[in-house]
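*Asks:* Numbering follows my numbering, in which position 65 of the sequence shown is assigned residue number 45; successive positions increment by one, without gaps. All C-beta atoms, glycine included, are put in the ideal place defined by N, C-alpha and C. Take a look at the following structure, please.
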Amino acid sequence: MFLTVLRERVEKREAEKLIKHVIKAAVKIGVLRRHGQLSPADERALAAFRSKFHTVLMAVVSFCEVEFSYDRGFLQDALRESHQSLKSVVERHLSDKSVSRLAGVFSLASRGELLDSLFAGQVDEDVLKLSRMLRKELDRGLL
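In structure tokens form, the structure reads like this:
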């Protein structure tokens, strides 16, 4: 669903690369955690990332559920803070290429015109479906 929504707003190749980079980073961080390679400071930074990204997800759901609540600046700031929290871990453990890819992910996700196309004015049905899916996962405590 996310890929469908993204493909409607950015080039198909760019959307697919974004998804691929997110999955790769998540797997790599998961492997590091599973093998006990993260320091207590890294674990705290990941916890901070989860908290900040949870704020991003809650805001996204709110923007879809409450008319005229969209705040581009708030979302861009929350994404920037999420990126900084994650970057502190990724820089210590992954390649410069992975760090750069992750920066690209957050850069794309923070684009004002992309955010506006998702949340400003009338929210389209695919975005609403994605929002409902996010709400369910948030309510279940999975995100």
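#1: With DSSP collapsed to three states, give me the class of E47.
#2: Should V7 go down as buried or exposed, given a rule of 16 or more other Cβ atoms within 10 Å for buried?
#3: Which complete beta strand (DSSP E) runs does the region -3 to 34 hold, if anything under 3 residues is left out?
#4: Compare the beta carbon distance of V(-10) and L94 with 8 Å and say whether it is the shorter of the two.
#5: By DSSP, does V103 sit in helix, in strand, or in coil?
#6: What is the DSSP secondary structure of L122, counted as helix, strand or coil?
#7: Output yes or no for whether 8 Å exceeds the beta carbon distance between Y50 and A100.
#8: Which whole-angstrom value describes the C-beta separation of V36 and S62, a residue pair presumed to lie in contact below a C-beta threshold of 8 Å?
#9: Any idea what DSSP makes of M(-19), helix, strand or coil?
#10: Is there contact here, the region 108 to 121 with the region 15 to 32, by at least three beta-carbon pairs under 8 Å?
#11: Where does R(-11) fall in DSSP's three states?
#12: What would DSSP say about L74, mapped onto helix, strand or coil?
*Replies:* Judging by the given coordinates:
#1: As a first step, residue 47 is located in the sequence shown; it is residue number 67 there, counting from the start. Note: E47 maps to coil in three-state DSSP.
#2: Mapped onto the sequence shown, residue 7 falls at position 27. The residue in question, V7, is exposed, as its Cβ has fewer than 16 Cβ neighbours within 10 Å.
#3: As for any beta strand (DSSP E) of minimum length 3 sitting wholly inside the region -3 to 34, there is none.
#4: Locating residue -10 in the sequence shown gives position 10, counting from the first residue. Locating residue 94 in the sequence shown gives position 114, counting from the first residue. Yes, these two residues count as a Cβ contact at 8 Å.
#5: The residue you call residue 103 lines up with position 123 of the sequence shown. Residue state for V103 is assigned as coil, using DSSP reduced to three classes.
#6: As a first step, residue 122 must be located in the sequence shown, where it is residue number 142. The answer is coil: DSSP assigns L122 none of H, G, I, E or B.
#7: By one-based count along the sequence shown, residue 50 stands at place 70. By one-based count along the sequence shown, residue 100 stands at place 120. Annotated as proximal: Y50 and A100, with beta-carbon spacing under 8 Å.
#8: Here residue 36 corresponds to residue number 56 of the sequence shown, with the count starting at 1. Here residue 62 corresponds to residue number 82 of the sequence shown, with the count starting at 1. V36 to S62, Cβ: 6 Å. Contact.
#9: Along the sequence shown, read from residue 1 onward, the residue named residue -19 stands at position 1. If DSSP states are grouped into helix, strand and coil, M(-19) belongs with coil.
#10: A contact is defined here as three or more CB-CB pairs under 8 Å, and the region 108 to 121 fails this definition with respect to the region 15 to 32.
#11: Here the question's residue -11 lines up with position 9 in the sequence shown. DSSP, read as helix, strand or coil, puts R(-11) in coil.
#12: Here residue 74 refers to the residue found at position 94 of the sequence shown. Under the three-state reduction of DSSP output, L74 falls in the coil class, being neither helix nor strand.
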